[in-house]
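Respectively, the protein sequence lines represent chains A and B.
FYI, my numbering numbers position 134 of the first sequence as 186, with every residue one higher than the one before it.
FYI, my numbering numbers position 107 of the second sequence as 159, with every residue one higher than the one before it.
Every residue gets a Cβ at the ideal spot worked out from N, C-alpha and C, and that includes glycine.
Model, not experiment: these values are computed from the prediction.
Heads up: the structure comes next, in structure tokens.
Number of protein chains: 2
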Amino acid sequence: MRTGAKTATGPERKRGSGVSTVYETLRREIIDLTLAPGSPIDEAHLSERFQMSRTPIREALVRLASENLIVTLTNRATVVAPIDFLNLSAFFDALTLMYRVTIREAATRRDEAALDEIRACQHAFARSVEAGDAFDMIATNRDFHVAIARAGGNGYYTELFARLLDEGRRILRLYYSTFNDVLPRRYVVEHDEMIEAIAAKDVEKADALAIAHADQIVRQIQSYISADRRNSNSLVL
Amino acid sequence: MRTGAKTATGPERKRGSGVSTVYETLRREIIDLTLAPGSPIDEAHLSERFQMSRTPIREALVRLASENLIVTLTNRATVVAPIDFLNLSAFFDALTLMYRVTIREAATRRDEAALDEIRACQHAFARSVEAGDAFDMIATNRDFHVAIARAGGNGYYTELFARLLDEGRRILRLYYSTFNDVLPRRYVVEHDEMIEAIAAKDVEKADALAIAHADQIVRQIQSYISADRRNSNSLVL
DNA sequence: AGCCGACTTTCTGTCGACATGAAATATATT
DNA sequence: AATATATTTCATGTCGACAGAAAGTCGGCT
Numbered sequence: 053m054r055t056g057a058k059t060a061t062g063p064e065r066k067r068g069s070g071v072s073t074v075y076e077t078l079r080r081e082i083i084d085l086t087l088a089p090g091s092p093i094d095e096a097h098l099s100e101r102f103q104m105s106r107t108p109i110r111e112a113l114v115r116l117a118s119e120n121l122i123v124t125l126t127n128r129a130t131v132v133a134p135i136d137f138l139n140l141s142a143f144f145d146a147l148t149l150m151y152r153v154t155i156r157e158a159a160t161r162r163d164e165a166a167l168d169e170i171r172a173c174q175h176a177f178a179r180s181v182e183a184g185d186a187f188d189m190i191a192t193n194r195d196f197h198v199a200i201a202r203a204g205g206n207g208y209y210t211e212l213f214a215r216l217l218d219e220g221r222r223i224l225r226l227y228y229s230t231f232n233d234v235l236p237r238r239y240v241v242e243h244d245e246m247i248e249a250i251a252a253k254d255v256e257k258a259d260a261l262a263i264a265h266a267d268q269i270v271r272q273i274q275s276y277i278s279a280d281r282r283n284s285n286s287l288v289l
Numbered sequence: 053m054r055t056g057a058k059t060a061t062g063p064e065r066k067r068g069s070g071v072s073t074v075y076e077t078l079r080r081e082i083i084d085l086t087l088a089p090g091s092p093i094d095e096a097h098l099s100e101r102f103q104m105s106r107t108p109i110r111e112a113l114v115r116l117a118s119e120n121l122i123v124t125l126t127n128r129a130t131v132v133a134p135i136d137f138l139n140l141s142a143f144f145d146a147l148t149l150m151y152r153v154t155i156r157e158a159a160t161r162r163d164e165a166a167l168d169e170i171r172a173c174q175h176a177f178a179r180s181v182e183a184g185d186a187f188d189m190i191a192t193n194r195d196f197h198v199a200i201a202r203a204g205g206n207g208y209y210t211e212l213f214a215r216l217l218d219e220g221r222r223i224l225r226l227y228y229s230t231f232n233d234v235l236p237r238r239y240v241v242e243h244d245e246m247i248e249a250i251a252a253k254d255v256e257k258a259d260a261l262a263i264a265h266a267d268q269i270v271r272q273i274q275s276y277i278s279a280d281r282r283n284s285n286s287l288v289l
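Here it is as structure tokens:
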């Protein structure tokens, strides 16, 4: 006989969805800086917020931790991963490398479907630049470059690149207020040139564009940071 | 087989150690092919084997899954990640790139402590080559290259490279029986030349050696595969 | 006899509760 | 008063149990 009276407060949630819901929501909030770097993550709070037990929440946290989006101090707190301004050069190096490698692969192996994907992302990016929506700009820019990486067809590159771009999103968010509208339009043009080079399978041209583009972004971030007095006080947020 | 003397009543296990114990043990067994690709992972079995509840085991599995060492089919089985022979070229590309990038960084930024680390790993590698222990050779070779990556000081590179080398360990294990003793000795010599170039901060020399080394390994794996009829039947294990 | 559907099995996903260890607080001592 | 120590607090780590979902099994039907 079944005990399944199912009570009043029905667990109206599909079975395997708990962990991924929490994971994706928190991931987005961390990258959006909705959750500030260093802010504590409380399992009980999340348990109440997402209306589920701590178990699926813990599993989501383990997943986030393995992507370095959160840091867990054993037996004590777990906090949103700080933005490490001390290792920025390693970040810039890796980011530049992946810009170059992924666009080279894309220029080599792209097919029409992948090109369409890239163009769609570029349109979304151009729209948010027109709209002056800095947040959406940062997000669509990320998607554009991930689409290029996908066109290259190397999952190892795509995965690392996506992580780097997400980390970049966090840093850019810190400075979104200082965004001016000169650089974004330049990015739109550079993106268009990239698409052209990829479509033409001109690997060296694409590579050169990637180098220039990466240089732009690195310089942009560096100028934001050096213009911001906060970092002379607390280097690690 | 190890420990397990803990029997009887006492939950004599340190508090935060459960997850990492399971994680590290399974990780080693997966990379060693002690757990065959595609073989099922049963939480209840592991629960009994490690003498702990399913909760810490599940968290270890989540961690392994996020590193693509296992694959979980929602609501169904979780299995050891198959070795994907179809995407080998992406693997070779990424591996070669990381050989080059990490050794270039190492040749640029290495300090004496890092060099000592690298030399220690090389000694361990040379010893296992002398001993003709193919398994240990594969493991110490991995450690040697990770040490070089560490010397470069870029965590993003080190992490990806370590993952790639571990994946390579799985593939090499498949063919360990066909190891001959010509190539390993060549590897020892090549490793020595790499150390020399890194110590001399000769970036271009180091890069050239990395390319040659990567080429060796890729060719070795490819020859094993093409010499092995298994793969014409089931391309994905 | 063969195909379809309900039952059973056996996993995984989720839950609530307890144990433990570290920070925070209160207390005692020099 | 300041430091060292005991106590409280409370978030985390772990546990055992229940519920839901597929695969496998068995019996009924045309």
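{"Item": "Under the rule that 16 or more other beta-carbon atoms within 10 Å means buried, what is L116 (chain B), buried or exposed?", "Value": "buried"}
{"Item": "Closest to C173 (chain A) by C-alpha separation, out of A:G184, A:N120, A:T192, would be which residue?", "Value": "A:T192"}
{"Item": "Where does V198 (chain B) land, buried or exposed, given buried means 16+ other C-beta within 10 angstroms?", "Value": "buried"}
{"Item": "Residues of chain A with CB closer than 7 Å to the CB of T86 (chain B), please, in chain order.", "Value": "Those do not exist, as T86 (chain B) stays about 22 Å from chain A at its closest Cβ, beyond 7 Å."}
{"Item": "Quick check: what's the CA-CA separation for T124 (chain B) versus I122 (chain A)?", "Value": "23 Å"}
{"Item": "Run through DSSP, which three-state label would T61 (chain A) get?", "Value": "For T61 (chain A), the pLDDT reaches just 48, beneath the cut-off of 50, and the residue's location in the model is therefore unreliable, although a value from the coordinates is still provided. Three-state result, T61 (chain A): coil."}
{"Item": "If we cut at 8 Å on Cβ distances, does R67 (chain A) have a partner in chain B?", "Value": "yes"}
{"Item": "Write down the C-beta distance between V241 (chain A) and A178 (chain A) rounded to the nearest angstrom, noting that I regard them as a contact closer than 8 Å.", "Value": "About 10 Å separates the two Cβ atoms, so there is no contact after all."}
{"Item": "What did DSSP end up calling I155 (chain B) once you bin it into helix, strand or coil?", "Value": "helix"}
{"Item": "Rounded to whole angstroms, what is the Cα-Cα separation between T154 (chain B) and G205 (chain B)?", "Value": "9 Å"}
{"Item": "Would G70 (chain A) be called buried (16 or more neighbouring beta carbons within 10 Å of its own) or exposed?", "Value": "buried"}
{"Item": "Within the same chain, show all residues whose beta-carbon is closer than 6 Å to that of R67 (chain A), passing over the 5 residues directly before and after it, in chain order.", "Value": "none"}
{"Item": "For T192 (chain A), which of helix, strand or coil comes out of DSSP?", "Value": "helix"}
{"Item": "Once the 5 residues before and after A133 (chain A) are set aside, which same chain residues still bring their CB inside 8 Å of it?", "Value": "I82, P89, N120, L121, I122, V123"}
{"Item": "Determine the closest residue to K276 (chain A) out of A:R225, A:T130, A:D195, with distance taken between C-alpha atoms.", "Value": "Reading off the sequence shown, one finds Tyr at residue 276 (chain A), where the question assumed Lys. Here the closest residue by C-alpha is A:R225."}
{"Item": "So I122 (chain B) is in the alpha helix (DSSP H); what residue range does that whole segment cover?", "Value": "Run containing I122 (chain B): none in the alpha helix (DSSP H); it sits in the beta strand (DSSP E), 122 to 124."}
{"Item": "Using CA atoms only, rank isn't needed, just tell me which of A:Y209, A:M246, A:R222 is closest to M150 (chain A).", "Value": "A:Y209"}
{"Item": "Check whether the region 214 to 225 of chain A touches the region 242 to 260 of chain A, taking contact to mean three or more Cβ pairs, one atom from each stretch, closer than 8 Å.", "Value": "no"}
{"Item": "Work out the CA separation of D84 (chain A) and R271 (chain A) for me, nearest whole Å.", "Value": "22 Å"}
{"Item": "With DSSP as the reference, label P89 (chain A) as helix, strand or coil.", "Value": "coil"}
{"Item": "Tell me the DSSP bridge mates of V131 (chain A)?", "Value": "A:P92, A:V123"}
{"Item": "Run down chain A in chain order and give the residues with a C-beta less than 9 Å from the C-beta of G220 (chain B).", "Value": "Near G220 (chain B) there are no residues of chain A at all, since even the closest Cβ is about 12 Å away, more than 9 Å."}
{"Item": "Using a Cβ cut-off of 8 Å, pull out every chain B residue sitting near A146 (chain A), in sequence order please.", "Value": "N206, Y208, Y209"}
{"Item": "I'd like to check one pair, I135 (chain B) with I223 (chain B): are the Cβ atoms closer than 8 Å?", "Value": "yes"}
{"Item": "Whole-angstrom Cβ separation of R152 (chain A) and A262 (chain A), contact assumed at under 8 Å?", "Value": "5 Å"}
{"Item": "Where Q274 (chain A) and T77 (chain A) are concerned, what is the direct C-alpha to C-alpha distance, given to the nearest angstrom?", "Value": "29 Å"}
{"Item": "Among the candidates A:S118, A:S91, A:R80, A:Y75, whose CA atom is the shortest distance from the CA of S99 (chain A)?", "Value": "A:Y75"}
{"Item": "Mind checking R80 (chain A): buried by the 16 CB within 10 Å criterion, or exposed?", "Value": "exposed"}
{"Item": "When you compare the CB of A142 (chain A) with every CB in chain B, is at least one pair closer than 8 Å?", "Value": "yes"}
{"Item": "Given this structure, state the Cα-to-Cα distance separating E182 (chain A) from A165 (chain A), to the nearest angstrom.", "Value": "26 Å"}
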